[in-house]
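Here this note's numbering is used: the first residue of the sequence shown is 32, the next is one more, and so on. Written below as C-alpha coordinates is the structure these notes are about.
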Amino acid sequence: MQATLKDKVTFTGVGLHSGAAAVLTLHPAPAGHGIVFRRTDLSPAVDIPALWNHVTPSKLCTLMDNGAGVTLSTVEHVMAALAGTGIHNALVTVDGPEVPILDGSSAPFVERILAVGIRRQAAALRAIRVLRPVEVREGEAFARLSPADHLEIDFEIDFTDAAIGHQEMRLDMANGAFLRELADSRTFCRVSDVEAMRRNGLALGGTFLNAVVVDGAEVLSPGGLRHADEAVRHKMLDATGDLALAGAPLLARYTGHRAGHAMTNRLLRALFADPTAWQWERCTPELEDRLPGAGVADYALMRAMIPAAIAAE
(Lines of atoms letter the chains of each structure in order from A; the text may use other names.)
(Lines give C-alpha, C1' and ligand atoms only; values in the text may rest on other atoms or scores of the structure.)
Protein backbone atom coordinates (compact mmCIF):
# COMPACT_ATOMS: atom_id res chain seq x y z
CA MET A 32 0.00 0.00 0.00
CA GLN A 33 1.00 3.65 -0.35
CA ALA A 34 2.43 5.47 2.67
CA THR A 35 2.94 8.96 4.08
CA LEU A 36 4.23 10.49 7.30
CA LYS A 37 2.13 10.46 10.46
CA ASP A 38 2.92 14.12 11.14
CA LYS A 39 4.97 16.98 9.76
CA VAL A 40 8.66 17.36 10.58
CA THR A 41 10.90 20.42 10.06
CA PHE A 42 14.62 20.78 9.28
CA THR A 43 16.71 23.96 9.48
CA GLY A 44 20.10 24.50 7.88
CA VAL A 45 21.91 26.13 4.97
CA GLY A 46 22.13 25.34 1.29
CA LEU A 47 25.36 23.63 0.27
CA HIS A 48 25.94 25.80 -2.79
CA SER A 49 24.04 29.00 -2.01
CA GLY A 50 25.04 29.22 1.65
CA ALA A 51 21.55 30.66 2.28
CA ALA A 52 19.57 29.73 5.40
CA ALA A 53 16.81 27.25 4.58
CA VAL A 54 13.86 25.66 6.38
CA LEU A 55 12.36 22.48 4.95
CA THR A 56 9.22 20.77 6.25
CA LEU A 57 7.91 17.35 5.28
CA HIS A 58 4.09 17.26 5.45
CA PRO A 59 1.78 14.23 5.23
CA ALA A 60 -0.12 14.06 1.95
CA PRO A 61 -3.12 12.06 0.70
CA ALA A 62 -2.87 8.89 -1.37
CA GLY A 63 -2.03 9.55 -5.01
CA HIS A 64 -0.40 12.90 -4.20
CA GLY A 65 3.17 11.77 -4.85
CA ILE A 66 6.15 13.83 -3.71
CA VAL A 67 5.74 17.54 -4.47
CA PHE A 68 8.14 20.37 -3.59
CA ARG A 69 6.73 23.81 -2.76
CA ARG A 70 8.74 27.07 -2.73
CA THR A 71 7.03 29.00 0.09
CA ASP A 72 9.29 32.04 -0.20
CA LEU A 73 7.50 33.02 -3.41
CA SER A 74 4.11 34.72 -3.64
CA PRO A 75 2.11 32.85 -4.62
CA ALA A 76 3.92 29.67 -3.58
CA VAL A 77 5.13 27.53 -6.49
CA ASP A 78 4.84 23.74 -6.67
CA ILE A 79 7.34 21.49 -8.45
CA PRO A 80 6.46 17.79 -8.79
CA ALA A 81 9.36 15.51 -7.86
CA LEU A 82 9.53 13.90 -11.30
CA TRP A 83 12.28 13.21 -13.84
CA ASN A 84 10.80 15.59 -16.42
CA HIS A 85 11.12 18.52 -14.00
CA VAL A 86 14.90 18.14 -13.69
CA THR A 87 17.30 20.63 -15.25
CA PRO A 88 20.71 19.07 -16.03
CA SER A 89 23.31 19.88 -13.37
CA LYS A 90 26.52 18.03 -12.52
CA LEU A 91 26.85 19.19 -8.92
CA CYS A 92 23.33 18.49 -7.63
CA THR A 93 19.82 17.60 -8.73
CA LEU A 94 18.05 20.78 -9.80
CA MET A 95 14.26 20.86 -10.14
CA ASP A 96 12.41 23.29 -12.40
CA ASN A 97 8.69 24.07 -12.61
CA GLY A 98 8.97 24.79 -16.34
CA ALA A 99 8.52 28.54 -15.85
CA GLY A 100 11.90 29.43 -14.42
CA VAL A 101 11.36 28.59 -10.73
CA THR A 102 13.99 26.15 -9.47
CA LEU A 103 14.90 24.19 -6.33
CA SER A 104 18.32 22.62 -5.99
CA THR A 105 19.98 19.76 -4.08
CA VAL A 106 16.85 17.65 -3.62
CA GLU A 107 18.65 14.29 -3.92
CA HIS A 108 19.32 13.60 -0.23
CA VAL A 109 15.75 14.19 0.95
CA MET A 110 14.42 12.23 -2.05
CA ALA A 111 16.69 9.32 -1.12
CA ALA A 112 15.44 9.44 2.47
CA LEU A 113 11.80 9.38 1.35
CA ALA A 114 12.44 6.48 -1.04
CA GLY A 115 14.49 4.57 1.53
CA THR A 116 11.76 4.83 4.17
CA GLY A 117 9.00 3.95 1.71
CA ILE A 118 7.24 7.35 1.74
CA HIS A 119 5.22 7.73 -1.48
CA ASN A 120 3.16 10.82 -0.66
CA ALA A 121 4.49 14.03 0.89
CA LEU A 122 4.42 17.79 0.45
CA VAL A 123 7.93 19.19 0.91
CA THR A 124 7.91 22.91 1.65
CA VAL A 125 11.15 24.91 1.37
CA ASP A 126 11.51 28.64 2.05
CA GLY A 127 14.27 29.24 -0.48
CA PRO A 128 15.98 28.03 -3.65
CA GLU A 129 17.94 25.16 -2.08
CA VAL A 130 17.29 22.25 0.28
CA PRO A 131 19.34 22.44 3.52
CA ILE A 132 22.40 20.19 3.35
CA LEU A 133 22.33 19.26 7.09
CA ASP A 134 25.27 16.86 7.64
CA GLY A 135 25.71 16.05 3.94
CA SER A 136 23.91 12.71 4.10
CA SER A 137 20.31 11.44 4.31
CA ALA A 138 20.62 10.31 7.93
CA PRO A 139 19.03 13.39 9.59
CA PHE A 140 16.01 13.11 7.28
CA VAL A 141 15.70 9.35 7.88
CA GLU A 142 15.98 9.64 11.66
CA ARG A 143 13.25 12.27 11.92
CA ILE A 144 10.95 10.41 9.49
CA LEU A 145 11.26 7.27 11.60
CA ALA A 146 10.72 9.28 14.80
CA VAL A 147 7.50 10.89 13.57
CA GLY A 148 6.25 7.60 12.11
CA ILE A 149 4.99 6.18 8.82
CA ARG A 150 1.28 5.81 8.05
CA ARG A 151 -0.01 3.24 5.58
CA GLN A 152 -2.78 4.46 3.29
CA ALA A 153 -5.79 2.68 1.85
CA ALA A 154 -4.54 2.86 -1.73
CA ALA A 155 -2.71 0.36 -3.89
CA LEU A 156 0.91 1.02 -4.81
CA ARG A 157 2.24 0.68 -8.36
CA ALA A 158 5.83 0.04 -9.35
CA ILE A 159 7.68 0.56 -12.63
CA ARG A 160 9.11 -2.66 -14.04
CA VAL A 161 12.02 -2.30 -16.47
CA LEU A 162 11.52 -4.78 -19.32
CA ARG A 163 14.79 -4.48 -21.22
CA PRO A 164 18.19 -2.79 -20.76
CA VAL A 165 18.43 0.97 -21.31
CA GLU A 166 21.80 2.72 -21.21
CA VAL A 167 23.34 6.17 -21.60
CA ARG A 168 27.07 6.96 -21.98
CA GLU A 169 29.42 9.91 -21.92
CA GLY A 170 33.08 9.06 -22.50
CA GLU A 171 34.08 6.38 -19.98
CA ALA A 172 31.03 7.06 -17.80
CA PHE A 173 27.76 5.16 -18.22
CA ALA A 174 24.52 4.39 -16.44
CA ARG A 175 22.25 1.44 -17.19
CA LEU A 176 18.88 0.07 -16.09
CA SER A 177 18.32 -3.67 -16.54
CA PRO A 178 15.38 -5.95 -15.68
CA ALA A 179 15.24 -7.19 -12.07
CA ASP A 180 12.62 -8.25 -9.52
CA HIS A 181 13.69 -5.56 -7.03
CA LEU A 182 15.78 -2.41 -7.00
CA GLU A 183 19.48 -3.18 -7.02
CA ILE A 184 22.27 -0.61 -7.28
CA ASP A 185 25.74 -1.45 -8.59
CA PHE A 186 28.17 1.48 -8.57
CA GLU A 187 31.84 1.98 -9.37
CA ILE A 188 34.01 5.08 -8.97
CA ASP A 189 37.67 5.78 -9.64
CA PHE A 190 39.49 8.87 -8.33
CA THR A 191 43.18 9.71 -8.43
CA ASP A 192 43.08 10.85 -4.80
CA ALA A 193 44.34 8.01 -2.61
CA ALA A 194 41.75 8.86 0.07
CA ILE A 195 39.07 7.73 -2.40
CA GLY A 196 40.75 5.70 -5.17
CA HIS A 197 38.81 2.86 -6.80
CA GLN A 198 35.65 1.79 -5.01
CA GLU A 199 32.72 -0.38 -6.03
CA MET A 200 29.67 -1.74 -4.26
CA ARG A 201 26.57 -3.70 -5.16
CA LEU A 202 23.47 -3.66 -2.96
CA ASP A 203 20.00 -5.18 -2.98
CA MET A 204 17.92 -2.23 -1.82
CA ALA A 205 15.09 -4.31 -0.34
CA ASN A 206 13.87 -4.21 3.24
CA GLY A 207 15.69 -1.30 4.82
CA ALA A 208 19.08 -1.74 3.13
CA PHE A 209 19.22 1.98 2.42
CA LEU A 210 18.93 2.77 6.15
CA ARG A 211 21.55 0.23 7.17
CA GLU A 212 24.14 0.72 4.44
CA LEU A 213 23.83 4.11 2.71
CA ALA A 214 21.85 6.73 4.62
CA ASP A 215 24.73 8.11 6.74
CA SER A 216 27.26 8.45 3.89
CA ARG A 217 28.13 12.09 3.22
CA THR A 218 28.77 14.07 0.07
CA PHE A 219 32.46 14.34 -0.73
CA CYS A 220 34.85 16.47 -2.75
CA ARG A 221 38.51 17.29 -3.22
CA VAL A 222 39.94 20.45 -1.71
CA SER A 223 40.87 21.62 -5.21
CA ASP A 224 37.21 21.21 -6.24
CA VAL A 225 36.12 23.42 -3.34
CA GLU A 226 38.44 26.19 -4.44
CA ALA A 227 37.18 25.98 -8.03
CA MET A 228 33.51 25.89 -6.99
CA ARG A 229 33.87 28.92 -4.72
CA ARG A 230 35.50 30.89 -7.50
CA ASN A 231 32.30 30.21 -9.43
CA GLY A 232 29.98 31.17 -6.56
CA LEU A 233 29.23 27.58 -5.48
CA ALA A 234 29.80 25.51 -2.31
CA LEU A 235 29.29 28.68 -0.26
CA GLY A 236 27.56 26.67 2.49
CA GLY A 237 30.03 23.80 2.47
CA THR A 238 32.08 23.05 5.60
CA PHE A 239 34.10 20.17 6.99
CA LEU A 240 30.97 19.29 9.00
CA ASN A 241 28.62 18.74 6.04
CA ALA A 242 31.00 17.18 3.52
CA VAL A 243 33.95 14.82 3.38
CA VAL A 244 36.85 16.88 1.98
CA VAL A 245 39.98 15.05 0.82
CA ASP A 246 43.39 16.22 -0.29
CA GLY A 247 45.35 13.40 -1.93
CA ALA A 248 45.59 10.65 0.71
CA GLU A 249 44.38 12.88 3.55
CA VAL A 250 40.81 13.20 4.83
CA LEU A 251 40.48 16.77 6.10
CA SER A 252 37.04 16.46 7.71
CA PRO A 253 37.12 15.94 11.51
CA GLY A 254 36.54 12.36 12.57
CA GLY A 255 37.56 10.94 9.22
CA LEU A 256 35.30 8.58 7.28
CA ARG A 257 32.13 6.89 8.49
CA HIS A 258 32.89 3.97 6.15
CA ALA A 259 36.11 3.05 4.38
CA ASP A 260 34.13 3.21 1.13
CA GLU A 261 31.93 6.16 2.11
CA ALA A 262 32.42 7.83 -1.27
CA VAL A 263 30.85 5.07 -3.36
CA ARG A 264 28.11 4.63 -0.75
CA HIS A 265 27.25 8.31 -1.13
CA LYS A 266 27.14 7.97 -4.91
CA MET A 267 24.64 5.14 -4.39
CA LEU A 268 22.66 7.37 -2.01
CA ASP A 269 22.53 10.05 -4.71
CA ALA A 270 21.42 7.47 -7.27
CA THR A 271 18.63 6.33 -4.93
CA GLY A 272 17.33 9.88 -4.72
CA ASP A 273 17.67 10.55 -8.43
CA LEU A 274 15.95 7.27 -9.36
CA ALA A 275 13.08 8.13 -6.99
CA LEU A 276 12.23 10.88 -9.48
CA ALA A 277 10.78 8.13 -11.67
CA GLY A 278 7.63 8.77 -9.64
CA ALA A 279 7.24 5.22 -8.33
CA PRO A 280 9.47 2.41 -7.04
CA LEU A 281 11.63 0.86 -9.75
CA LEU A 282 11.98 -2.87 -10.33
CA ALA A 283 15.37 -2.76 -11.98
CA ARG A 284 19.10 -3.07 -11.57
CA TYR A 285 20.89 0.27 -11.82
CA THR A 286 24.54 0.11 -12.87
CA GLY A 287 26.58 3.29 -12.61
CA HIS A 288 30.20 3.75 -13.66
CA ARG A 289 31.48 7.24 -12.91
CA ALA A 290 27.88 8.38 -13.30
CA GLY A 291 26.37 11.48 -11.71
CA HIS A 292 23.10 13.34 -11.31
CA ALA A 293 22.77 14.51 -14.90
CA MET A 294 23.53 11.08 -16.32
CA THR A 295 20.99 9.34 -14.07
CA ASN A 296 18.35 11.81 -15.21
CA ARG A 297 19.30 11.20 -18.85
CA LEU A 298 18.83 7.49 -18.14
CA LEU A 299 15.30 8.02 -16.81
CA ARG A 300 14.47 10.15 -19.83
CA ALA A 301 15.74 7.39 -22.14
CA LEU A 302 13.67 4.80 -20.25
CA PHE A 303 10.40 6.73 -20.45
CA ALA A 304 11.02 7.71 -24.08
CA ASP A 305 10.70 4.01 -25.00
CA PRO A 306 7.28 2.59 -24.06
CA THR A 307 8.54 -0.93 -24.83
CA ALA A 308 11.23 -0.68 -22.11
CA TRP A 309 8.93 -0.47 -19.07
CA GLN A 310 5.45 -1.12 -17.73
CA TRP A 311 3.35 -0.32 -14.68
CA GLU A 312 2.87 -3.17 -12.22
CA ARG A 313 0.51 -3.25 -9.26
CA CYS A 314 2.34 -4.29 -6.10
CA THR A 315 1.27 -7.57 -4.54
CA PRO A 316 2.21 -8.22 -0.89
CA GLU A 317 5.09 -10.41 -2.11
CA LEU A 318 6.39 -7.69 -4.41
CA GLU A 319 5.93 -5.00 -1.76
CA ASP A 320 8.21 -6.99 0.56
CA ARG A 321 11.04 -6.47 -1.94
CA LEU A 322 10.77 -2.67 -2.07
CA PRO A 323 13.28 -0.37 -0.31
CA GLY A 324 10.84 0.78 2.38
CA ALA A 325 9.45 -2.66 3.24
CA GLY A 326 9.51 -3.36 6.97
CA VAL A 327 10.96 0.05 7.81
CA ALA A 328 7.94 1.18 9.85
CA ASP A 329 8.02 -2.02 11.93
CA TYR A 330 11.79 -1.66 12.35
CA ALA A 331 11.30 1.87 13.66
CA LEU A 332 8.65 0.64 16.10
CA MET A 333 10.97 -2.05 17.41
CA ARG A 334 13.77 0.50 17.88
CA ALA A 335 11.42 2.76 19.80
CA MET A 336 10.45 -0.12 22.11
CA ILE A 337 14.01 -1.13 23.04
CA PRO A 338 14.77 1.65 25.59
CA ALA A 339 11.42 1.06 27.34
CA ALA A 340 12.12 -2.67 27.52
CA ILE A 341 15.55 -2.07 29.03
CA ALA A 342 14.11 0.37 31.56
CA ALA A 343 11.45 -2.19 32.52
CA GLU A 344 14.14 -4.75 33.34
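For each residue, glycine too, the CB sits at the ideal point set by N, CA and C.
Cutting at 8 Å between CB atoms, please list the residues of its own chain near His181, excluding the five before and the five after it.
The residue labelled residue 181 in the question sits at position 150 within the sequence shown. Excluding residues within five positions, the ones whose Cβ falls inside 8 Å are Asp203, Met204, Ala205, Leu282, Arg321 and Leu322.
Straight-line gap, Ile341 to Asp215 (C-alpha atoms, nearest Å)
Within the sequence shown, the letter at position 310 stands for residue 341. Within the sequence shown, the letter at position 184 stands for residue 215. Any reading at Ile341 is ruled out, since the residue's pLDDT is 38, under 50, leaving its predicted position unreliable.
By DSSP's criteria, Ala198 is part of a beta bridge. Which residues make up the other side?
Translated into positions along the sequence shown, residue 198 becomes position 167. Per the sequence shown, residue 198 should be read as Gln rather than Ala. Beta-bridge pairing links Gln198 to Ile188.
According to DSSP, simplified to helix, strand and coil, what is Val125?
Here residue 125 refers to the residue found at position 94 when the sequence shown is read from its first residue. If DSSP states are grouped into helix, strand and coil, Val125 belongs with the strands.
Thinking just about the alpha-carbon of each residue, which of Arg201, Ala193, Arg70 and His119 is nearest to the one in Arg284?
To locate residue 284, count along the sequence shown from 1; it is residue 253. Checking every option, the nearest Cα to that of Arg284 belongs to Arg201.
Compute the distance between the beta-carbons of Val245 and Ile195, then report whether it is under 8 Å.
By 1-based counting over the sequence shown, the position of residue 245 is 214. By 1-based counting over the sequence shown, the position of residue 195 is 164. Closer than 8 Å, so yes.
The beta strand (DSSP E) that contains Glu171, what's its start and end?
Numbered from its first residue, the sequence shown carries residue 171 at position 140. Per DSSP, Glu171 belongs to no beta strand (DSSP E) and is neither H nor E.
For the alpha helix (DSSP H) containing Phe209, list its first residue and its last residue.
The count along the sequence shown starts at 1 and reaches residue 209 at position 178. Careful: Phe209 lies outside any alpha helix (DSSP H) and carries neither H nor E.
Thr93, buried or exposed, once every other Cβ within 10 Å from all chains shown has been counted against 16:
Within the sequence shown, numbered from 1, the residue matching residue 93 stands at position 62. The residue in question, Thr93, is buried, as its Cβ has 16 or more Cβ neighbours within 10 Å.
How many Å lie between Asp185 and Ala308 at the Cα?
Here residue 185 refers to the residue found at position 154 when the sequence shown is read from its first residue. Here residue 308 refers to the residue found at position 277 when the sequence shown is read from its first residue. Whole-angstrom Cα-Cα distance: 20 Å.
Relative to the C-alpha of Arg150, which candidate in Cys220, His64, Pro164 and Asp38 has its C-alpha closest?
Taking the sequence shown and counting its residues from 1, one reaches residue 150 at position 119. Looking at the Cα atoms, Asp38 is the closest of the given residues.
Neighbour-count burial assignment, Asp168, 16 or more Cβ in a 10 Å radius:
Here residue 168 refers to the residue found at position 137 of the sequence shown. Sequence inspection shows Arg at residue 168; the Asp mentioned does not correspond to that position. So Arg168 counts as exposed.
Once the 5 residues before and after Thr87 are set aside, which same chain residues still bring their CB inside 8 Å of it?
Here residue 87 corresponds to residue number 56 of the sequence shown, with the count starting at 1. Leu94, Met95, Asp96 and Thr102.
Any contact between the segment 42-53 and the segment 131-138? By contact I mean 3 or more CB pairs, one from each, below 8 Å.
yes
Applying the 10 Å Cβ sphere with the 16-neighbour rule, what's the burial state of Trp311?
What you label residue 311 is simply residue 280 of the sequence shown in a count that begins at 1. It counts as exposed.
Can Leu282 be considered in contact with the ligand HEM, in the sense that its beta carbon sits closer than 7 Å to one or more heavy atoms?
This structure lacks the ligand HEM; in fact it carries no ligand of any kind.
How far does the alpha helix (DSSP H) with Thr295 in it reach, from first residue to last?
For the purposes of this step, residue 295 is identified with residue 264 of the sequence shown, where counting begins at 1. Its alpha helix (DSSP H) spans residues His292 to Ala304.
Nearest chain D C-beta to Leu145 closer than 8 Å, yes or no?
Of the protein chains in this structure there is only one, and it is not chain D.
Between which two residues does the alpha helix (DSSP H) holding Met32 run?
By 1-based counting over the sequence shown, the position of residue 32 is 1. Per DSSP, Met32 is not a residue of any alpha helix (DSSP H), being assigned neither H nor E.
Buried versus exposed call for Ser223 [16 or more other C-beta atoms within 10 Å across all chains shown]
Counting from 1 along the sequence shown, the entry for residue 223 is found at position 192. Burial call: exposed.
Taking Cβ to Cβ, would you say Gly115 is nearer than 8 Å to Gly324?
For the purposes of this step, residue 115 is taken as the residue at position 84 of the sequence shown. For the purposes of this step, residue 324 is taken as the residue at position 293 of the sequence shown. A contact, by the Cβ cut-off of 8 Å.
Tell me which residues share the same chain as Glu107 and place their Cβ nearer than 7 Å to its Cβ, disregarding the 5 neighbours each side in the sequence.
What you label residue 107 is simply residue 76 of the sequence shown in a count that begins at 1. If we look at Glu107 and ignore the five residues flanking it on each side, its Cβ neighbours are Cys92, Thr93, Asp269, Gly272, Asp273 and His292.
Can you have a look at Glu226 and say buried or exposed, based on whether 16 or more other CB atoms are within 10 angstroms of its CB?
Along the sequence shown, read from residue 1 onward, the residue named residue 226 stands at position 195. Looking at its Cβ environment, which holds fewer than 16 other Cβ atoms inside 10 Å, Glu226 is exposed.
Could you spell out the range, first to last residue, of the alpha helix (DSSP H) harbouring Ala283?
The residue you call residue 283 lines up with position 252 of the sequence shown. No alpha helix (DSSP H) holds Ala283; the beta strand (DSSP E) holding it covers Leu281 to His288.
Check Gly65 in the structure and name its three-state DSSP category.
On the sequence shown, position 34 is the one that residue 65 refers to. In this structure, Gly65 counts as coil in the three-state DSSP scheme.
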